[in-house]
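Presented below is the structure to which this report refers.
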Amino acid sequence: MNKDMIKGQWREIKGKVKRKWGMLTDDELAQIEGTYEELEEKLHETYSCQNDEIKKQIDTYLYANYLK
Numbered sequence: 040m041n042k043d044m045i046k047g048q049w050r051e052i053k054g055k056v057k058r059k060w061g062m063l064t065d066d067e068l069a070q071i072e073g074t075y076e077e078l079e080e081k082l083h084e085t086y087s088c089q090n091d092e093i094k095k096q097i098d099t100y101l102y103a104n105y106l107k
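First residue of the sequence shown? That's 40 in my numbering, and the numbers climb one at a time after it.
Take a look at the structure:
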């Protein structure tokens with residue numbers, strides 16, 4: 040996946056990311072600013088999942104909904 044595509048579409052994506060991963064705060068979403076690595080880190084911290092599982096969830100969700 041082209042991770043730069045997230046940054047370019049962040050305004051469109053972030054509300055839906057908030058709905059998908061509802062434990063993320065508005066402040067955390069602002070810190071992420073469309074950066075894939077920041078999204079991955081915040082989800083790892085918030086949901087205590089393995090990094091590989093987080094990456095898989097992000098890639099699956101974003102590709103299915105935005106990056107076709």
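A virtual CB, placed ideally from N, CA and C, is assigned to each residue, including glycine.
| message | Would you say the beta carbon of Glu92 is closer than 7 Å to some non-hydrogen atom of the ligand FAD? | response | Looking at this structure, you won't find the ligand FAD or any other ligand, since it has none at all.
| Under the three-state DSSP convention, the category Gly61 falls into | DSSP places Gly61 outside both helix and strand once states are collapsed to three, so it counts as coil.
| Nearest to Tyr86 (by Cα), restricted to the options Lys59, Gln70 and Leu101 | Ranking the options by Cα distance to Tyr86, first place goes to Lys59.
| message | Whole angstroms are fine: how far does the CA of Arg50 sit from the CA of Thr74? | response | Distance between Thr74 and Arg50, taken at the CA atoms: about 12 Å.
| field | Cut-off 8 Å between Cβ atoms - residues of its own chain near Ile97, not counting five sequence neighbours on either side | value | Excluding its 5 nearest sequence neighbours in each direction, Ile97 has C-beta neighbours in its own chain below 8 Å: Tyr75, Leu78, Glu79 and Leu82, listed in chain order.
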